[in-house]
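Mapping of the sequence shown onto this note's numbering: position 179 corresponds to residue 345, and the numbering continues sequentially without gaps.
The beta carbon of each residue, even a glycine, is placed where N, CA and C say it ideally should be.
Below is one structure, written out as structure tokens, with a few remarks after it.
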Amino acid sequence: MLKQADKLSQMGGVQHVQAETLYEEAVALAPDDALVNLRMGLCQLNGPMRHKALPYLTRSRDLDPQQPRIHFLVGYALQLNADWDKAIASFEHHRGVHSPQDPDPLYAQADRHIRECRNGKSIMAAPTDVVVRDLGAGINSSSSDHGPLISADGSTLLFTSRRPSPTNGKVNKATGEYFEDIYSTTRKDAGWGAVELLPNPVNTAGNDASVGLSADGRTLMVYRDVDGSGDLFETRQRTGNWTEPRALGPTVNTPGHESAAWPSADGRWLYFVSDRAADNVGGQDIFRAPWIEATTSWGPAENLGPTVNTRFDEDGIYVGPDGGTIYFSSKGHNTIGGYDIFRSRLVNGQWTTPENLGWPINSPDDDLFFVLTADGTKGYFSSLRADGQGEDDVYEVVFGAREGSR
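Pasting the structure below:
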């Protein structure tokens with residue numbers, strides 16, 4: 167049973183659910199087996215509901231505290247549940263039985279997680295004045311729902327989902343998941359209306375994701391995984407229909423991975439995310455390219471520099487209406503775990519130190535693809551949380567509403 171579950175767990179996607187069922191059966195048969203509890207905990211850590219790994223990993227640790235990595239894994243599970251002090255203690259226990267000279271790849275990671283937990287403890291102690299709400303089962307599904315985009319008037323919401331659809335009814339063999347498609351919904355008096363799949367030519371049989379929107383809502387930035395690396399495209403709305411997506415060109419797309427893009431409101435700059443080898447601070451970085459009217463194309467791209475970009479990954483760029491404020495996600499800076507959402511402003515030609523948007527917008531897991539309504543009273547982003555419908559969900563954040571809504 168364990169061998170079959172291990173194989174399914176490594177395949178991911180829909181097979182992961184089958185693996186979880188087998189592990190649950192194994193735990194029921196052998197609740198006092200440290201290895202069985204460990205495997206179940208690892209399955210949960212690698213799945214969409216990572217916070218559920220904690221009881222299995224702590225049980226495994228209690229049964230056999232000498233297992234390699236067990237205190238690190240328990241620390242991570244505690245961090246995902248925002249139990250900061252206990253997480254720090256568990257990570258420190260892992261570091262205590264190793265040294266920086268050991269060939270232990272988790273030593274440096276434990277040190278990084280300790281910093282994240284300390285960030286989380288201080289940030290959670292001073293929550294921001296917002297209310298964060300899951301958009302619910304009418305929008306979100308048991309699959310991954312992410313990449314929200316909101317029209318200027320707040321009436322139309324676009325987002326990406328891995329739910330099965332007429333376009334992508336097949337599973338990606340490389341990931342075990344359904345391919346991404348772009349959906350839309352329109353605001354009604356009582357909430358959001360029915361979710362609709364954007365028609366061809368926007369959605370294809372491969373991955374199609376919503377990653378950026380022009381200020382007038384007529385140009386949609388689309389991510390497509392064409393050759394395994396990922397490129398950026400744009401489609402324009404004409405007479406109510408979206409045009410065939412067009413690649414953004416060689417100054418933006420490279421043999422590397424480009425994952426998100428956002429045009430400034432005046433159309434002069436395109437901000438985008440890339441892991442290109444040239445001019446890279448580390449991992450995925452944020453770049454911007456100027457619009458060259460003479461060639462009607464985007465010019466040479468420049469890295470936003472080490473104030474914004476870190477040696478870890480950045481993603482999910484959004485440019486505010488003023489053109490000088492960016493919101494993005496990062497695994498660096500003072501994150502409290504995974505990707506956190508940050509804000510930076512361009513002042514006298516220099517980017518300010520990114521500011522963490524705080525708790526409860528940010529969580530111990532991944533928080534990505536933050537966007538604002540034109541009036542700045544609401545925001546939308548995707549996150550993996552315990553109150554979600556399954557995997558990543560789209561959330562709404564209302565600013566200045568916390569006191570009156572509880």
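Proximal residues to residue i (C-beta, below 6 Å), its chain only, five neighbours per side dropped
i: V183; result: none
i: I316; result: L323, V537, T539 and Y546
i: S331; result: D347 and L363
i: Q280; result: Strictly speaking, residue 280 in this sequence is Ile, with Gln absent from that position. Within the same chain, I280 has close Cβ partners I254 and F257.
i: T473; result: W517
i: G241; result: A253, S256 and F257
i: V202; result: A192, V193 and A196
i: A381; result: A431
i: G566; result: D295
DSSP-derived helix/strand/coil call for residue i
i: A243; result: helix
i: H312; result: strand
i: I236; result: helix
i: R329; result: coil
i: N528; result: coil
i: S317; result: coil
i: R572; result: In this prediction, R572 scores a pLDDT of 31, lower than 50, which makes its location untrustworthy; the coordinate-derived value is nonetheless stated afterwards. If DSSP states are grouped into helix, strand and coil, R572 belongs with coil.
i: S549; result: strand
i: L323; result: strand
i: V447; result: coil
i: R477; result: coil
i: P221; result: helix
i: K169; result: helix
i: S226; result: helix
i: E562; result: strand
i: A194; result: helix
i: T409; result: coil
i: Q181; result: helix
i: T420; result: coil
i: A519; result: The identity of residue 519 in the sequence shown is Thr, whereas the question assumes Ala. Of the three classes helix, strand and coil, the one that applies to T519 here is coil, per DSSP.
i: T501; result: coil
i: S175; result: helix
i: E343; result: strand
i: E362; result: strand
i: D432; result: coil
Endpoints, the alpha helix (DSSP H) within which residue i is located
i: L272; result: L272 to M290
i: K252; result: W250 to G262
i: Q210; result: A200 to L211
Nearest-angstrom Cβ-Cβ length linking residue i and residue j, presumed shorter than 8 Å
i: N469; j: D441; result: No, N469 and D441 are not in contact; Cβ-Cβ is about 12 Å, not under 8 Å.
i: D319; j: D558; result: That pair is no contact at about 26 Å.
i: L523; j: T294; result: 7 Å
i: P314; j: V560; result: 5 Å
i: L204; j: Q233; result: 7 Å
i: V368; j: P411; result: 6 Å
i: W408; j: L379; result: Between L379 and W408 the Cβ distance is about 12 Å, and since that is not below 8 Å, they are no contact.
i: A443; j: G471; result: That pair is no contact at about 17 Å.
i: L436; j: A427; result: 6 Å
i: S549; j: D531; result: 7 Å
i: G406; j: Q181; result: Actually they do not touch by this definition, with Cβ atoms about 40 Å apart.
i: K544; j: E562; result: 6 Å
Beta-carbon proximity list for residue i, same chain, < 7 Å, skipping 5 on both sides
i: T476; result: V447, G448, S496, G498 and H499
i: D432; result: G489
i: S571; result: For S571, the predicted structure reports a pLDDT of 39, less than 50, and the residue's modelled location is therefore unreliable. The matter cannot be settled from this model.
i: E186; result: C209 and G213
i: R434; result: P456 and W457
i: S309; result: S327, R328, R329, Y344, G556 and E557
i: G396; result: Y389, H423, E424 and S425
Start-to-end residues for the beta strand (DSSP E) that takes in residue i
i: Y437; result: W435 to S440
i: P429; result: E424 to P429
i: K354; result: D347 to K354
i: A467; result: Neither: A467 is in no beta strand (DSSP E) and is coded neither H nor E.
i: L534; result: D533 to L538
i: V513; result: D506 to V513
i: Q385; result: According to the sequence shown, residue 385 is Thr rather than Gln. Segment T385 to R390, the beta strand (DSSP E) holding T385.
i: A375; result: D374 to L379
i: I492; result: T491 to S496
i: T401; result: D397 to R404
i: V298; result: V296 to D300
Cutoff 8 Å; reference residue i; Cβ partners in own chain excluding five residues on either side
i: T491; result: V485, R509, S510, R511 and L512
i: P526; result: P293, T294, V296 and V298
i: I236; result: L204, L223, S226, R227 and D230
i: Y349; result: L324, F325, T326, S327, V361, E362, L363 and L364
i: D111; result: One cannot answer for residue 111 here, as it falls past the ends of the chain, which runs 167 to 572.
i: G262; result: none
Do the stretch 282-299 and the stretch 509-517 meet, that is, are 3 or more Cβ pairs less than 8 Å apart? no
Is the stretch 415-431 touching the stretch 454-469, taking contact as three or more C-beta pairs under 8 Å? yes
Closer than 8 Å is the cut-off here; do at least three beta carbon pairs connect the stretch 303-310 with the stretch 549-563? yes
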